[in-house]
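Peer 1: Position one of the sequence shown corresponds to residue 568 (the working numbering), numbered consecutively onward. Where a beta carbon is used, it is the ideal one built from N, C-alpha and C, also for glycine. Remember, it's a predicted structure, so these values are computed and weren't measured experimentally.
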Amino acid sequence: MRRAATLLALLATGCATMEPKLGQPDPAISATWPVGSPVVAQAEASLPAVTYKQIFTDVRLQTLIAQALVNNRDLMIAASNIAAAREQYRIQRAQQFPQVNAQAGVTVSGDKSKDVSAQYTAGVNVPSFEIDLFGRMRSLTREQLQRYLATEAGARSTRLTLVADIANAWLDYAADLSLLLVSQRTMETAQASVRLTRIRLEGGIAARTDLSQAQEILSQAQANLAQQRTLVAQDVNALQLLVGRSIDPALLPSSIDQAGPTIAELPAGLNSYVLLRRPDVLQAEYELRAANANIGAARAALFPRISLTGLLGFASSALTSLFTGGAFGWQAGANAAYTIFQAGAGHANVRLSEAQRNAALATYQRAVQTAFREVADALARRATMDDQLAATQRQQAAAADVLQLTEARYRAGIDPFLNVLDAQRSYYGVQQTLVNTRRTAAQNRVTLYQLLGGDSLLQTAPLCEVTYVSNANSAKLASQCSPM
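(1) For G1020, which option in L842, A926, Q962, I772 has the closest C-alpha, if you only look at C-alpha atoms?
(2) Thinking just about the alpha-carbon of each residue, which of E974, A671, V730, T624 is nearest to the one in V637?
(3) Go through its chain and collect everything with a Cβ distance to T951's Cβ below 8 Å, but skip five positions before and after it.
(4) Can you give the Cα-Cα distance for P587 and L849, rounded to whole angstroms?
(5) To which residues of the same chain is A858 closer than 6 Å at the C-beta, ignoring the five residues directly before and after it?
(6) At which residue ranges does the region 698–783 contain complete alpha helix (DSSP H) runs of 4 or more residues, listed in the order of the chain?
(7) Taking N639 as part of the alpha helix (DSSP H), name the residues at either end of that continuous run.
(8) Ignore the nearest five residues each way along the sequence and tell me which others in D777's own chain have a CB closer than 6 Å to its CB.
(9) Would DSSP call T674 helix, strand or coil?
(10) What's the gap between the Cα of Q609 and the Cα of T708?
(11) Compute the distance between the beta-carbons of L809 and D732, then report whether it is under 8 Å.
(12) By the three-class DSSP mapping on this structure, what secondary structure does I649 have?
(13) On the premise that E852 lies in contact with Y931, defined as a C-beta separation below 8 Å, what is that separation, rounded to the nearest angstrom?
(14) Within 8 Å, do at least three Cβ pairs link the region 1005–1012 to the region 821–833?
(15) Please check the pair Q830 and A734, which I expect to be a contact at CB under 8 Å, by giving their CB distance rounded to whole angstroms.
(16) If you drop the 5 nearest sequence neighbours on each side, which residues of the same chain put their C-beta closer than 7 Å to that of N668?
(17) Figure out for me which residue from A865, S684, L956, Y1016 has the closest Cα to the Cα of A915.
(18) Would you kindly work out how many angstroms separate the C-alpha atoms of A757 and N791, rounded to a whole number?
(19) Is DSSP giving P820 helix, strand or coil here?
(20) Counting C-beta neighbours from all protein chains within 10 Å, is the total for V602 16 or more, i.e. buried, or is it exposed?
(21) Enumerate in chain order the residues of its own chain whose CB-to-CB distance from A903 is below 6 Å, with the five nearest sequence positions on each side excluded.
(22) Is the region 743–755 close to the region 659–668, with three or more CB pairs under 8 Å?
(23) Apart from the five residues on each side of it in sequence, which residues of its chain come closer than 8 Å, Cβ to Cβ, to L869?
(24) Can you tell me which of the three DSSP states A851 falls into?
(25) Let me know the secondary structure DSSP gives P983 once reduced to three states.
(26) Taking L946 as part of the alpha helix (DSSP H), name the residues at either end of that continuous run.
(27) Could you spell out the range, first to last residue, of the alpha helix (DSSP H) harbouring K620?
(28) Let me know if D699 comes out buried or exposed under the rule of 16 or more other beta-carbons within 10 Å of its beta-carbon.
(29) For L553, count the other beta carbons within 10 Å of its own beta carbon; 16 or more makes it buried, fewer makes it exposed. Which is it?
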């Protein structure tokens, strides 16, 4: 009697599953950052959630990012994958419910005597509905749900990477434009040196080797200038590819000195467990939960499958009496199927799903550990960046003084022209180093924004819906995004 009651309860609820219990997976990392990192641990509940507009404060950069969120093709692919995964989940979930078909028909028959008879039918039927006694269908549905969530997390990761890539490309343009200006000034200085040396040579107070050396420096400066122009053009091309359209030149920065400070610092006090909310880490966690749900489906497949069929309808030889009481009829049936022998394939399938779950757990932990290492490296870089920038600025000032003094001593006939060339090379190199250091400092803040999850900390971070638009001449995709 007790067994019968239990069976009836299972049939009524259909909620039994054979999945292993899976709580929050162990991230296998420390709750705090390595010693020396410029952060102070605090409770995760008080962690700030920031948007890219709070970190990338320049309106021009914000405009480029907003355009990319609508036009970037990688983001369109990710949004389309979300839509496909969502519909796959809905298809699987629909299999938990009975399929009901409606049908109506008429059969006409006759013989040699030319007597003709007709049979009219109408009704509904349930072809075959599996009673989810052991939770196989529910486990498969849960697996598909987790895979849908994993796809969505992957799309958020793509979005986060896109935002960071645009910021980095924007800073690359600013830095390369600054280096172009440095090359321009260096070439002008080299031209002045050639003119001065030629005058001194004509006056008999300079050697011909001095003029040759000055011309060599000028040629090198001209080559560097051409190279920087190429890099600036390539930076524009990279930005246009990321944005997905031609960009307005007014949205480009004028120098790294102007662009760098517009990248704000992330709020201090981040606990390392914030990494668990990174979209790539969430994607690995959802894949783990999907693999765990698949174990339940594999275990349930070892047990019998019970299916129900049913028919409810009317049959009559006259259409006018089809829906009368005498024409009513019904039919119901049940079927139980159980595989007696399959050479251990069922148990092997369970062990396979368990191995896949174990691999998914290791993949999740590796994703967390990789994220931890990436952030720790970026924080270590951040800790010394201010000192490096200050030292490079002092070095530039010293190199400028040396160049000015060396040129004065050369005009006075005290130092050879070779000393001037060395001072010019040193000053030019330090200027390049300063520009690249400012670029690195700004891009380090972009990297921290990306590595710590960025907008993915916000549950409302928008993802676009992609629609297919076609006419007789062309086919294209249109993207509709919620405003940020």
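Peer 2: The answer reads as follows:
(1) For G1020, the closest of L842, A926, Q962, I772 by C-alpha to C-alpha distance is L842.
(2) V730
(3) none
(4) 20 Å
(5) Q923, R924, A927
(6) 703–769
(7) Premise fails: N639 is in no alpha helix (DSSP H) and is neither H nor E.
(8) T764, F984
(9) Strand, per DSSP.
(10) In this prediction, Q609 scores a pLDDT of 39, lower than 50, which makes its location untrustworthy; the coordinate-derived value is nonetheless stated afterwards. Q609 and T708: Cα-Cα distance of roughly 38 Å.
(11) yes
(12) helix
(13) 6 Å
(14) yes
(15) It should be noted that the sequence gives Ile, not Gln, for residue 830. Contact flag correct, Cβ pair sits at about 7 Å.
(16) The residues are V691, N692, P694.
(17) Among A865, S684, L956, Y1016, the Cα nearest to that of A915 is on A865.
(18) 12 Å
(19) coil
(20) At V602 the pLDDT is 45, less than 50, meaning the model places this residue with poor confidence; the figure from the coordinates comes in the next sentence. Exposed, because fewer than 16 other Cβ atoms sit within 10 Å of the Cβ of V602.
(21) P871, I873
(22) Touching, no, given that fewer than three Cβ pairs across the two stretches are closer than 8 Å.
(23) G913, H914, V917
(24) helix
(25) coil
(26) 912–978
(27) Run containing K620: 619–622, per the alpha helix (DSSP H) assignment.
(28) buried
(29) Because the chain here runs from 568 to 1051, residue 553 falls outside it and cannot be looked at.
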